[in-house]
Structure formats: C-alpha cells, structure tokens
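*Asks:* One line per chain: the protein sequences are A and B, in this order. Counting in my numbering, the first sequence runs from 1 upward without gaps. Counting in my numbering, the second sequence runs from 1 upward without gaps. For every residue, glycine included, the Cβ atom is placed at its ideal position computed from N, Cα and C. My structure is below; once you've seen it, I'll send some questions.
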Amino acid sequence: MLGIKIPKYKSISLKKDFIEYKSPDKVYIPLVNGYDTDVTILVKKGEYVYKGDMIGKTKGLFRVPIISSVSGVVSDFQEMSYAFGDTVKCVVIENDKNDNYKEDKEIKKNISDYTKEEFIEILKDSGIVGMGGSSFPTYVKYECDKKIKTLIINAVECEPYITADHTIVKNKCQEILETIDAILEINNIDEAIIAIKNTNTELKKYLDDFIGTYLNIKVCLVPDLYPMGWERNLVKYIKKKQYENIPIECNIIVNNVSTIYAMYEALKYKKPLTERIVTITGDLLKDPINVCVPIGTPVKEIIDVVGGYKDSNKILLVAGGPMMGKTVSENLVVSANLACVLALSELKNDELINCLRCGKCVEVCPSKLSPVLIKDNVGNKERLKELLPNRCISCGLCSYICPSKILVREYVNKAKENIKN
Amino acid sequence: MEIIRKTGPYIKDDNNTTKIMFNLLISLFPIILFTFYKNGIIPFYEGKTNVIEMFYPLIFIITGALTSFVTETIYFKLFLKIDNNQLLSTVKRSYAIFPGLFLSLVLPINTPITILILGSFIATLVGKLLFGGFGNNIFNPALIGALFITSAYSIIIANNGGYLNKLELDTISGATPLANTSLVEGIGTYQELVSPYGTLKDFFIGFIPGSVGETSAFLCLVAFIYLTYTKVIKWRIPTVYISTVFLMTYIIGAYNDLGIWYPLFQILSGGLFFGAVFMATDPVTSPTTPIGQVIYGMFLGILTVIFRYMTSYPEGVLTSILTMNMFVFIIDRICSKARFNFSKSKYLFIACWSLIIIVSMFIATSFNKDSTETDPNFNIISKDVSNNKISYVVTQKGYVGNIKASVTVDDGKIIDFKVIEQNESFYSKIESDDYINTLIKGQDNLESIDTLSGVTVTSSALKRLLINTIKDYKNGSKENIINEDTNNSRNNFEIIKMEDNNDEKIYYASNLGFRGKIILKITVLDKTITKIEIDSSNEDYMEQMIDSGFFDNLVNNQNNIDSVDAVSGATVSSNAVKELLKKFIKEYEEYKNE
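So, in structure tokens, the structure goes:
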C-alpha cells in the first residue's frame, strides 16, 4: 500500500504568486543540521560576516557547513524554535542589507562543465542539504562508488497545504531542467525522472513546455496519495524496486526539487544555500502565500509582512505540514528544511473513545506496521522486536485515520524509545 | 491571542467511532423493517395473528437493545460509580445497545421475551462488561448471549414454535432449510432442499424460516455495500468467508452431481450473510491485520462447512465465529509478522488453500452416492414382481403422517396409482384438482410438475412418492423391501452356526423379515441344498408358506431363486426368505471356492 488519499488544501496558498522578502533586520541562523546540534561555532560576537560565510560546522558523521544568509555583524547567540519543534542555539546577525559576498561571484556559462570531484566539492561547500525535510547532506548521495543509473526528482509534495516545491518548479522550471541535465552529465547518470502528482496538471503543463530538448529527463505522474513523496514509495512506484536502507542500493538517487534549485545557484553562481521558499498558509492566515526568504528569518516577521493572522483566540503554529509537522512557539526561524508554516485554528477536542480495533491504522501504514498491536504491546519489549516499530517514518497516517482519535503515532514513538533502552 | 502546542497530526479523518456505530445502526434498519414485514405484517394479514402479535418482531428487537442499555447503565452506576451527569455520555461512548440488538436478530422468532431479556443481560454482562467493556472483549457479546440461550433454552424455544413464524408453521413442515438439510445428511435434490421453502429467489430475498433478522441475504448484501462504502466494516472478512463457503460447497455439490444451485442454497441459508456481514466483522473481536482478516474469513468458511456437514448442529455460522474469536490474537500475531515478509504470507495462504481443498474433498467423498439417492421419507412396503410388471405398496411422509399408496409399474410406466391411506389436512384439494392424474400424465417429467399451492407439502410428497417408486423400478428393484419400523436394517444377513453331521452340513442363517429376524435351518449335502426349514420367525403366514410348498420350490430351484414366485398374501416374508437364501448361496459359493 502506497498510502491513502487525504485532503490537500493546496490551492489557498497558490492564489497569489510567490513574493520575495530578502531584508529582515536580523537573522537567526540555527546552529543545527537535521537533529545534529553539535556544532563548532566559527564566529565571535561583534564579528562582521559576509553573506555566504561559513559561521559554523557540524561535528557529526557528516560535516555540514552552517552559512550566513546575510552580511552584517554577529550581535548575539540566542535560543529560537526550529523546524523539528525544539529550540536550538542561533547566531544572531544584524543585517546590513548589502548582501555582500566576500569575493565577487563569477557566472559559470555551462554548469555541466565540472568534474564529479568538483561537483561534490561545491555541494559540500555550499551546505546543500535535503530541503524536503530530512536535511540529509546531498553530496553524500553522489559520493558513493556505485554506478548511479537513475535520478528521481521528488516534486510530489504529498503533505497537504505545502506548495513550496510547486512554486519553485513553476517559476524556475528552465533552471531546474538545466541543473538536472548537468547532474546527469557530470555524474554519468542514465536518466532522470521528475515525479509529480497526477492531479497536478499545472506543473505537468510547465514541465511539458520545457522538457522537449532534454531527452534523458522524463516526467512521471504518481498517484495522489499520502505519503507518495516518501523515497521508498517513489522508488517502489516508479522503478518497481525495493531497497533495504538507501535507494543507491538499487542504483537510484532521490533529490527534492528545491534541493535541485539550490544546486543550480551553487553551480551557476557559486552561491551557497542561503535562502528558500516557505509556504505561509493555514486557515488563520489572512493571505496565504509562498515567500522566498533568507535562512534564519523569524517566521513572526514573515507573517507580519504577508498580512498577519485572522482574529482568533487560539492558534496552532505548525512548522512543516499538518501530518508530520510539529507545533512550535512563535519565535520559529526559517531553516533549510522548513518548507511550510501553518497557522491553524484549534482542532475540536474529540472525545477519546476506546480503541475499537477496526484495523484502519494497520491498513494505511505505508511501512506495513501494525500500529494497534504496537500500542497494545508498547511495554512488551520482546513482542516489540517482532513488530519493528523502528520502521515507522512518522507519517502520521495512523493517528490521522483513527476513528477513536487515539494518537497512535505517539505510542509508536514511545515503542521506538522503549526498544532502544 | 494564544499560541497553543499540541501533538499532531493537525488534520484528522472526519470518520469517527460514533459515526461508524451510527452507520452500523442505519444499515440494520432495512433488516429490522423486513423482519417486521415478514414475521409481523404478513402473518397478520393472513389472519394468523392479532395486532399486538403483529408488532412482536419490533417489540422483540427493541427489548433486546433496551436490556443491554439498561444493564450497562446499572453496571456503570453501581460498580464503576460513575456520576449521574457523566453516566449517559459514558454509556453512549460504550455503544451499549449493540449486544442486545444483535442478539435479538440472531434468535428464533418464537423465543419467549423473558429468555431474550436474560440472554441480552448475559451478553452484555458476561460477553462485554466483565471483559472490561467496549473494546476489550474477546468474544462477540451477542454470540455469547446466543450461545447461552441455545444451550439452555433451545427446547423451550422449539416447543414454542422455533424458527417458524405463525404463517410458516401452517405452510412449512420441518424446520429451517439447514435443519432440513441435516435430515438428508447434507446432500439432497433441489426438490428436497429448496422446494419446500420456495425458490432460490425466496432464499435470496429472505422469505424462508430462520432467525429474526438473518433470513434476507439481499438486505445483508445491501448493508455490506453500504458499510464497505462508509468504511465501517472489515470488508475482507465477509467477502472471503462467503466465497470460501461457496467454493467448498460447490466442490462438495459438484462431486455429488449437484448443480450450481447447491452452493447458492448453502450460502443463502443458515444466516451466513448476516453472520458474515455483521457478526464476523465485529471490529473488537476480529483481526486487525488485513492478511489476518483474509485468513480469519477462510477459517470461518472451513469451520462453517465442517459444522454443517460433520456435526448434528446445522447452523454453523455463529459457532464458527465464536470459535474463531479465540484465535484472533494468534492470527494477528502471525500476520503482523507475515506483513513484512511476502514469502511468509504466501505460505500462509498456500496452507489455507490446501486445507480448503482437503476438507471439501473429504466431505464430498464421504457421501455414499447410492445412499444419497434414497429418500428417508420413502418406504417400500411390498412389491409384487411378475416379469416387467411390479406392483408396489409404498409410503411417503406427507404433512400428517405417511401417505400409503399402491403403484403399478409396467415396462417403466406407471399404469396404476392409488392412494390407500392418508391423513392429510386438505386432501380434498388434491382430489378436486385431480392431481393424481396430473402426476400420472406427466410421469415422464415428474420433477417439472408444479406442486399445488395451499397443499404444497402433500402434493410434493405425492410427487416424491412416484419419483422414488420409479427410481426403485429403474434400479432393477435392487432395493430391499423395508419394514416401516426397521428402516436401517439392510444388511442383517448372518450365518449363526454350522453343525457337522457326517457328510451333511447344517447351517443356521438369519435375515430380517417382516416382523424381525427369520432364522432358517439349511441342510447341505454334497454342495447342494437338500432341505430348508424354519428354525424361528415371527412372521404372520409361515404355515401358509410351508403348506404352499414354497420351501420345496426353493430347494428345487436353488440355482435360480428369483424364478420362485412369492406366496401371495405373504409377499414380504417370502421375499425376505428368498433374499436370505440368495445371500446364503452367495456366501456358500465363496466358501466353496476357498
């Protein structure tokens, strides 16, 4: 089972074209990549940094640079909310609004004119990570020895509300196709497949207009299901293959389409990843819209710029989509993996009813788990070993579908912890 | 404005448990209305019941549901000490009416209301509350109640009229179709199994005897579609369950030369549709894993078929579901692992399929094809054979007792048919319609002759009588002539003892006669029978037989026993003696060859 059909709510943020908001007074660059908050800080308070300067580097398995998205003076270090829900330490930079780079950027005429080594070096230096949410460093995918046969470009965006990928494909279609073509040539990849939802006729039209000259790039329409954008689902649906851990086992790489555009900026202008498109939407926003902002922009400021909230006593501020996102406090800042900010009215409190064992959570689970049984056995370690809660991808479908409104995913999360200890 | 934190996801499916239960109730409405129509309104209009009795089906169902509701309310109040202001919402969230509601639908219509109340109480308390209430019970509560009632009060219910409503009591002999089927050991002709109740269409629509709510397969099918569409039930279970029963009974039927009507009859009887759609899919007591639901359905089918054919308990559906309830835990455990591993689940299915085939073939081959062709309601009292002409005196079970008739068959044609004795209620209708002549005229295609409305049972019995007689004739009269009170004695021949008297050997052999055992003393000298004497017998006309030289004739014609004429007036006894002698000679011949 690839997933189920869920409501989309996408059109509300597509009514207006995306806008750019490039000059916040202060940016708060989160010192984090993914869950990795162990960062070497490379700047001091009071120091002037150029746009694109490395201000920190993660110490973990993969060294990912933390890059300044504006030029200005480091004024402070401050705890702010981050896309994954927790607060993290951020570098506060007073924006001088000059967008000064340390050195003048030259424009590469032909972006396929790189060797594979140079290409990987650029990805590494530009701090390009998966912008779909994982923040997995992109260079690692290309660095392996295995022959890459297929590059799948993930533009499915299966979470409701989010239209950031949609916006970038619509507005940067040519650039994206050019980048894909360059990646194929540099890495000697046979083909690229752009995956979009079969209901997304608008994107299909844009892609069809430009794709003609790129013989190795195809568009694949995937079913309108959630979580269709999960790597495993895409590989399974498009290439009919299943892998154990990562897609390269089947000679496949999957990249998010926003990541591809970040690669374009890096290859073409040597610009590191300093900005992204964020969907600002939800039923409590006056004017839902997509905004292109520098990393580290406070979300509160963006919301003010786009028109603010509707009148409401209570508000759910969600970082990410409604399925996998988490509520955050108002001092959320934009990070590379933050595709969407939702302002939703509070869900009505459903009466909690005993589990009636309808089995719907089992039926919908894309990882073939049995969430109800995991919930029953959440304290039984032996049984949990059979039920493999670690395969959960936290897609949230079990909690979504539960007619008794039980937060099934939380039980699975608890089981994951229990099995670790 | 306040920013609140909450655990996601932040959109939820708009289905909820209360909606599910509400939809379940909606799907039951047509079924409740149908039973009101069939068991209330029709008997009322036929003048069989009064106005109050007309509403009995509705009162019955409401009482069942209400008892559950009250039981649960009292339990919550007294034992769980729930405040009055929360009591109603607690009972509501526990969906209290369902055990009693379903119970009332699976019971026979003639269950006394006091027994229903007791059963509904037991169902709710033992089946549900003692397990920990909604969501925690292992067994289907309604079925716990039904099991309690059928094991404790089935005789009271049967004496009260059982499954038949007031109208059916007058028109249908016997019980439910499956109880009727068990009389013929599972296999019978269309006329035996289906015709007494109408056509297969009546089975499908639901105008057959059965429990209060479970006769209409059609309405259950409608409910199934509705419940699947509204995502209420685990659709795999009823689909697989009914298909499995169909497949298995198809195999059994096909092996025994029965047409497609036979599996259809099997799936349309015994409340299979109701049980499969409503009882087997009870979410709390069925597997949660999709593979588990398929396996569960397969096993339900296998068990139901086993119960129907191999036990004396014809209504196998409810028993199968209760039995399988016990295995839900283990099925889920196995199938939650099998989900991760395609080949594992493949083996699981291969195992189930093999089981289905093996069980069906085992049952299919267990029927002796010859015995399936004999009608237990038909007996041959006597037959007079002369050349190709046989004069029979036979009985066939009618509506009231046996119908006794004489039938003469010559060259395969019925040339005479007279009813000698009958106690049928409306026999004048048979006479006024000249049904006897209709049968004689249409003897080449008796099966196609319609029964007479109003006297269905009697007319169909007369028809069966002729069909069975002709069958006996065509079988070369191989059939033994059976006394009315010794139905099952077919092979009672035995050689009791042997005495050696020099060269003479004296055998004592016995066989069943008209009135119990006949023992003959047979003297054999030099491999030839020299003397036949009666050692003991209770037969009526033994003197007459001896006087007529019957035994001497037998000795003289010992190489061709069949050519000896029976003693008139003592046909049955003579034939029994002949039969005995033939068997003895056969046995002796075998002994000689050794």
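Tell whether a beta-carbon distance below 8 Å holds between SER104/B and PHE60/B.
*Replies:* Position 104 of the second sequence holds residue 104/B. Position 60 of the second sequence holds residue 60/B. Yes, they are a contact pair.
*Asks:* Quick one: is VAL51/B near chain A, going by C-beta distance under 8 Å?
*Replies:* Locating residue 51/B in the second sequence gives position 51, where the first residue counts as 1. Chain A contact via Cβ: absent.
*Asks:* Going by DSSP, name the residue or residues bridged to LEU221/A.
*Replies:* Translated into positions along the first sequence, residue 221/A becomes position 221. DSSP output for LEU221/A lists ILE196/A as bridge partner(s).
*Asks:* At a CB distance below 9 Å, what residues from the stretch 329-344 of chain B approach chain A? Give them in sequence order.
*Replies:* ASP332, ARG333, CYS335, SER336, LYS337, ARG339 and PHE340
*Asks:* Going straight from the alpha carbon of PHE417/B to that of SER386/B, what length do you get?
*Replies:* Residue mapping note: residue 417/B aligns to position 417 of the second sequence, counting from 1. Residue mapping note: residue 386/B aligns to position 386 of the second sequence, counting from 1. So the alpha carbons of these two residues sit roughly 17 Å apart.
*Asks:* For a contact meaning CB atoms closer than 9 Å, what does LEU373/A contact in chain B?
*Replies:* Working through the first sequence from its first residue, we reach residue 373/A at position 373. Going along chain B in sequence order, the residues near LEU373/A (Cβ under 9 Å) are THR288, THR289, ASP332, ARG333 and SER336.
*Asks:* Using C-beta distances below 6 Å, list every residue in its chain close to GLY492/A, excluding the 5 sequence neighbours before and after it, in chain order.
*Replies:* Residue 492/A is absent from the structure shown; chain A starts at 1 and stops at 421.
*Asks:* Could you tell me which whole alpha helix (DSSP H) segments of length 4 or greater appear in the stretch 372-444 of chain B?
*Replies:* 427-432 and 435-441
*Asks:* How do the stretch 44-59 of chain A and the stretch 187-203 of chain A stand: do at least 3 beta-carbon pairs fall below 8 Å, yes or no?
*Replies:* The answer is no - the stretch 187-203 of chain A does not touch the stretch 44-59 of chain A, with fewer than three Cβ pairs under 8 Å.
*Asks:* Which residues mark the beginning and the end of the beta strand (DSSP E) in which ASP500/B is found?
*Replies:* As a position in the second sequence, residue 500/B is number 500, starting the count at 1. Residues 494-501.
*Asks:* Give every residue of the same chain whose Cβ lies closer than 7 Å to the Cβ of LEU167/B, excluding the five residues on either side of it in the sequence, and list them in chain order.
*Replies:* Mapped onto the second sequence, residue 167/B falls at position 167. Answer for LEU167/B: ILE42, PRO43, GLU46 and LYS48, listed in chain order.
*Asks:* Since GLY296/A and SER69/A should fall inside the 8 Å C-beta cutoff, what is the C-beta to C-beta distance between them, to a whole number of angstroms?
*Replies:* Here residue 296/A is taken as the residue at index 296 of the first sequence, counted from 1. Here residue 69/A is taken as the residue at index 69 of the first sequence, counted from 1. Taking 8 Å as the upper bound for CB-CB distance, GLY296/A and SER69/A are in contact here, some 5 Å apart.
*Asks:* Note down the Cα distance separating LYS531/B from THR456/B, rounded to an integer number of angstroms.
*Replies:* On the second sequence, residue 531/B is found 531 positions in, with the first residue counted as 1. On the second sequence, residue 456/B is found 456 positions in, with the first residue counted as 1. Answer to the nearest angstrom: the Cα atoms are 53 Å apart.
*Asks:* Give the secondary structure of TYR508/B by DSSP, where H, G and I count as helix, E and B as strand, and everything else as coil.
*Replies:* Residue 508/B sits at position 508 when you count from the first residue of the second sequence. Residue state, collapsed to three classes: strand.
*Asks:* Between GLY63/A and the rest of its own chain, which residues show a CB-CB distance below 6 Å, the 5 nearest in sequence each way excluded?
*Replies:* One-based indexing of the first sequence puts residue 63/A at position 63. Checking the displayed sequence, the identity of residue 63/A turns out to be Arg instead of Gly. So the list reads LYS57, once near-sequence residues are dropped.
*Asks:* State yes or no: is the beta carbon of THR327/A nearer than 8 Å to at least one beta carbon in chain B?
*Replies:* Here residue 327/A refers to the residue found at position 327 when the first sequence is read from its first residue. True, the Cβ-Cβ gap to chain B drops below 8 Å.
*Asks:* Determine, using beta carbons only, whether GLY127/B comes closer than 8 Å to chain A.
*Replies:* On the second sequence, residue 127/B is found 127 positions in, with the first residue counted as 1. No, because no Cβ of chain A sits closer than 8 Å to the Cβ of GLY127/B.
*Asks:* Which residues in the same chain have their Cβ closer than 6 Å to the Cβ of PHE378/B, if we skip the five residues on either side of it in sequence?
*Replies:* The residue labelled residue 378/B in the question sits at position 378 within the second sequence. So the qualifying residues of the chain are GLN396 and ASN468.
*Asks:* ILE122/B and PHE148/B: beta carbons closer than 8 Å?
*Replies:* For the purposes of this step, residue 122/B is identified with residue 122 of the second sequence, where counting begins at 1. For the purposes of this step, residue 148/B is identified with residue 148 of the second sequence, where counting begins at 1. Yes, Cβ-Cβ distance for ILE122/B and PHE148/B is below 8 Å.
*Asks:* To test your reading of the DSSP string, which unbroken alpha helix (DSSP H) runs of 4 or more residues are found completely within the stretch 218-285 of chain A?
*Replies:* Listed in chain order, the complete alpha helix (DSSP H) runs (minimum 4 residues) inside the stretch 218-285 of chain A are 231-239 and 257-269.
*Asks:* GLY133/A by DSSP, collapsed to three states: which one?
*Replies:* Along the first sequence, read from residue 1 onward, the residue named residue 133/A stands at position 133. In this structure, GLY133/A counts as coil in the three-state DSSP scheme.
*Asks:* Starting from the N-terminal side, write out each stretch of the alpha helix (DSSP H) that is 4 residues or longer and does not extend beyond the stretch 132-161 of chain B.
*Replies:* 141-159
*Asks:* For PHE218/B versus GLY210/B, is the C-beta distance shorter than 8 Å?
*Replies:* As a position in the second sequence, residue 218/B is number 218, starting the count at 1. As a position in the second sequence, residue 210/B is number 210, starting the count at 1. No.
*Asks:* Quick one: Cα of ILE321/B to Cα of PHE349/B, how far?
*Replies:* Within the second sequence, the letter at position 321 stands for residue 321/B. Within the second sequence, the letter at position 349 stands for residue 349/B. Using only the alpha carbons, I get a separation of about 20 Å.
*Asks:* Cβ atoms of ILE248/A and CYS144/A: under 8 Å apart, would you say?
*Replies:* Within the first sequence, residue 144/A is the residue found at index 144, counting from 1. Within the first sequence, residue 248/A is the residue found at index 248, counting from 1. Yes, the Cβ-Cβ distance between CYS144/A and ILE248/A is below 8 Å.
*Asks:* Measuring CA to CA, which of ILE176/A, ASP283/A, PHE210/A and ASN216/A is closest to TYR264/A?
*Replies:* Here residue 264/A refers to the residue found at position 264 when the first sequence is read from its first residue. It is ILE176/A.
*Asks:* Just the Cα atoms here: how many angstroms apart are THR71/B and GLY119/B?
*Replies:* If you number the second sequence from 1, residue 71/B lands on position 71. If you number the second sequence from 1, residue 119/B lands on position 119. Approximately 11 Å between the Cα atoms of the pair.
*Asks:* From which residue to which residue does the alpha helix (DSSP H) around GLN558/B run?
*Replies:* Taking the first residue of the second sequence as 1, we reach residue 558/B at position 558. For GLN558/B, there is no enclosing alpha helix (DSSP H), as DSSP gives it neither H nor E.
*Asks:* Going along chain B in order, which residues have a C-beta closer than 8 Å to the C-beta of CYS355/A?
*Replies:* As a working note, residue 355/A is residue 355 in the first sequence. Within chain B, the residues near CYS355/A are GLY135.
*Asks:* Am I right that MET21/B and TYR95/B are in contact with their C-beta atoms under 8 Å? What's the rounded C-beta distance?
*Replies:* Counted from its first residue, the second sequence places residue 21/B at position 21. Counted from its first residue, the second sequence places residue 95/B at position 95. MET21/B to TYR95/B, Cβ: 5 Å. Contact.
*Asks:* Give me the residue from ILE238/A, GLY133/A, LYS286/A and ILE193/A with the minimum Cα distance to ILE393/A.
*Replies:* Translated into positions along the first sequence, residue 393/A becomes position 393. Ranking the options by Cα distance to ILE393/A, first place goes to GLY133/A.
*Asks:* Return the bridge partner residues of LEU525/B from the DSSP annotation.
*Replies:* The residue given as residue 525/B occupies position 525 in the second sequence. Answer is GLU504/B and THR528/B.
*Asks:* First and last residue of the alpha helix (DSSP H) that includes PHE248/B?
*Replies:* Position 248 of the second sequence, counting from 1, holds the residue named residue 248/B. Before going on, a small fix: residue 248/B reads as Met here, not Phe. Per DSSP, the unbroken alpha helix (DSSP H) holding MET248/B starts and ends at 236-255.
*Asks:* Given 8 Å as the limit, is there contact between the stretch 146-159 of chain A and the stretch 306-326 of chain A, that is, 3 or more CB pairs closer than that?
*Replies:* yes
*Asks:* Taking MET323/A as the query, report the chain B residues whose CB atoms sit under 9 Å from its CB, ordered along the chain.
*Replies:* Counted from its first residue, the first sequence places residue 323/A at position 323. Those within 9 Å of MET323/A in chain B are GLY8, PRO9, TYR10 and ILE11.
*Asks:* Hey, is CYS358/A's beta-carbon within less than 8 Å of any beta-carbon in chain B?
*Replies:* Sequence index remark: in the first sequence, residue 358/A carries index 358 (1-based). Yes, CYS358/A lies at the interface with chain B (some Cβ there is under 8 Å from its Cβ).
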